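A short worksheet on the structure shown next.
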Amino acid sequence: MPDGTPARSPAAAVLAAVSRDVRSCAPVGASHAWTLHQGELDDGRRFFAKVAEGHAEALAAEAAGLRWLGEVPGGAAVPDVLAADGGVLVLERVEEHGAGAAAAADLGRRLAATHRAGARSFGAPWPGWLATLPLDNTAGDHWPDWYARHRLLPYLRDARDRGHLDSGDVARLDRVLDGIRELAGPQEPPARIHGDLWSGNVLWGRGGAVLIDPAAHGGHRESDLAMLQLFGAPHLERILAAYDEAFPLADRWRDRVPLHQLHPLLAHVCLFGRAFRGQLLDAARRLGAQ
């Protein structure tokens, strides 16, 4: 926004994005660089909106990811994108109901269908973002090398440059990178993944689970499952069992969970500092890096 131009009110920003009247628009908090709002349009639809006019590219990437995930018949549900324009993202609002075991199993099966839909390559055709951190979505065809080059190394350097990791920490993680081809397990084709699937990005609506806030891209399907395990999730073992039944996982996939958790843990170190350093280094130790 040019200097001297007054900021639009959230209601005005939503109105401009959806091109229809807004009956109500109330703030519900803030997250990273955006403010959060909910309300109702003149046709009765309830919406949830993010407004961050200085971060239009990040919200556009989120919208692209939601649409891409939502293309899969029988896949994991995502909210409809009502509008994405000029630093405003307006979504269908999810009325939360609570997680049950049956809904968790259904999520496992639907997530398997989403992953099976695949991607043209590792990466994505849009610029990636994880919160306010850029993600390099350059295409690749060999997951271990792609993961090291485009997910781990950029955030490892960023965390070091911010002073959150010391030289010994970096050396330990470098040893993981040196052995990543052996640690990665059997080769798999690119899966259509959510990319930031911690439990807070799973809303439990009346019709089942709805996935929000993706960093969607072609990735390794074990990455989504590892992210679900990072901070816990309701009925986690039901989700995993139903997934494995629908789309069987490669042998020893649980041994590879720490490898897939390195990227989100590095992101947390970059965003929140040394509070997540111990968890990151523990994951590296579990992979054999001393």
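Heads up: the sequence shown begins at 19 in the working numbering, then just goes up one per residue.
The C-beta atom is built at its ideal place from N, Cα and C for all residues, glycine as well.
All of these numbers come straight from a predicted model, not from anything done at the bench.
Can you tell me the Cα-Cα spacing of residue i and residue j, whole angstroms?
i    : j    : result
T156 : G116 : 37 angstroms
L215 : R128 : 14 angstroms
G93  : A234 : 14 angstroms
G57  : G237 : 34 angstroms
A135 : V99  : 20 angstroms
L298 : L280 : 6 angstroms
G158 : P232 : 20 angstroms
A130 : F290 : 31 angstroms
G229 : R303 : The residue you asked about is not Gly; residue 229 is Leu in the sequence shown. Taking the straight line joining both Cα atoms gives about 31 angstroms.
F294 : D176 : 14 angstroms
H168 : E113 : 36 angstroms
H253 : A227 : 12 angstroms
H278 : C43  : 39 angstroms
R210 : W161 : 13 angstroms
G296 : G197 : 21 angstroms
P91  : V188 : 42 angstroms
F65  : L59  : 7 angstroms
Return the first residue and the last residue of the alpha helix (DSSP H) that residue i is part of.
i    : result
D262 : 254–264
W164 : 161–165
P282 : 275–290
P28  : 28–36
G296 : 295–304
P91  : Premise fails: P91 is in no alpha helix (DSSP H) and is neither H nor E.
Taking only beta-carbon atoms, is residue i less than 7 angstroms away from chain D?
i    : result
L267 : Absence of chain D from the displayed structure is noted, only one protein chain being present.
Tell me which residue opens and which closes the beta strand (DSSP E) that residue i is part of.
i    : result
D103 : 99–103
I211 : 209–211
V106 : 106–110
P45  : 40–49
F56  : One detail in the question is off: residue 56 reads as Gln in this sequence, not Phe. Here the beta strand (DSSP E) through Q56 covers 52–59.
H133 : Counting along the chain, H133 falls outside any beta strand (DSSP E), though it belongs to the alpha helix (DSSP H) covering 119–135.
V96  : It is not in any beta strand (DSSP E) - V96 carries neither H nor E in the DSSP assignment.
Please report the Cβ distance between residue i and residue j, rounded to the nearest whole angstrom; I am assuming they are in contact, meaning their Cβ atoms lie under 8 angstroms.
i    : j    : result
W86  : H73  : Actually they do not touch by this definition, with Cβ atoms about 20 angstroms apart.
A119 : H50  : That pair is no contact at about 32 angstroms.
A35  : A101 : 4 angstroms
G126 : R256 : 7 angstroms
Between the options, which lies nearest to residue i when the distance is taken from Cα to Cα?
i    : options                : result
W147 : L277, G213, G225, A35  : G213
A251 : H281, R239, V220, L267 : V220
S217 : V188, G236, F249       : F249
A244 : A264, R256, W271, L229 : W271
S241 : A123, F140, A76        : F140
V178 : F65, L125, A285        : A small correction: the amino acid at residue 178 is Arg; Val does not occupy that position in the sequence shown. With distances taken between Cα atoms, R178 lies closest to A285.
R38  : P282, P45, A30         : A30
P282 : D60, L246, D124, A121  : L246
R193 : A307, S42, E75, A48    : A307
E110 : C288, D61, H160        : D61
G223 : S27, D124, H55         : D124
L77  : W144, A95, V90, V40    : W144
R63  : L54, F265, P45, V40    : V40
C288 : L267, W164, P266, R180 : R180
Given 8 angstroms, three or more beta-carbon pairs between the stretch 180–187 and the stretch 254–263: Under the Cβ criterion (8 angstroms, minimum of three pairs), the stretch 180–187 does not count as touching the stretch 254–263.
Three or more C-beta pairs closer than 8 angstroms, one from the stretch 198–206 and one from the stretch 76–90: is that the case here? Touching, no.
If contact is defined by three or more beta carbon pairs under 8 angstroms, each pair taking one atom from either stretch, is the stretch 101–113 in contact with the stretch 64–73? In this structure the stretch 64–73 touches the stretch 101–113; the number of beta carbon pairs closer than 8 angstroms is three or more.
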